[in-house]
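Residue numbers are given in my numbering: position 10 of the sequence shown equals residue -8, and the series is strictly consecutive. Each residue gets a CB set at the ideal place from its N, CA and C atoms; glycine is no exception.
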Amino acid sequence: MTSMYQFAYKEGFSTSLCSFLVAETIQYYKTNGSNVFMLSLDASKAFDRVMHTKLFQILIDKSICPLVIRFLINIYVVSSAIVKWNSAMSDPFD
């Protein structure tokens, strides 16, 4: 099971396609006179090294939008994963 928003490791999708879609979306809004704001977070090397509660508190203290904080909490605290290998699937894990 993969998210409909996942691009990597999914047949017919790629991170290049994701980058293209982001660039096209930005161009669309700029062409139509809108401001574009984007946040990108590469936490690939931080999963076991970040004290998430401390990170969230710092974001709250810096008055970061509560929706962004809630999004990050859902990614790092509430999320789980399932590994699919051919036709076999693992049990969910955090």
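In this model, S16 and E6 are separated by some 14 angstroms (Cα to Cα). Where D73 is concerned, there is no enclosing alpha helix (DSSP H), because DSSP gives it neither an H nor an E. F75 sits away from I55, with the two beta carbons spaced by 8 angstroms or more. Note on geometry: alpha-carbon atoms of L(-1) and Y11 lie some 19 angstroms from one another.
By DSSP's assignment, K66 forms a beta bridge with M71. Per the coordinates, the alpha-carbon of S72 lies some 39 angstroms from the alpha-carbon of D43.
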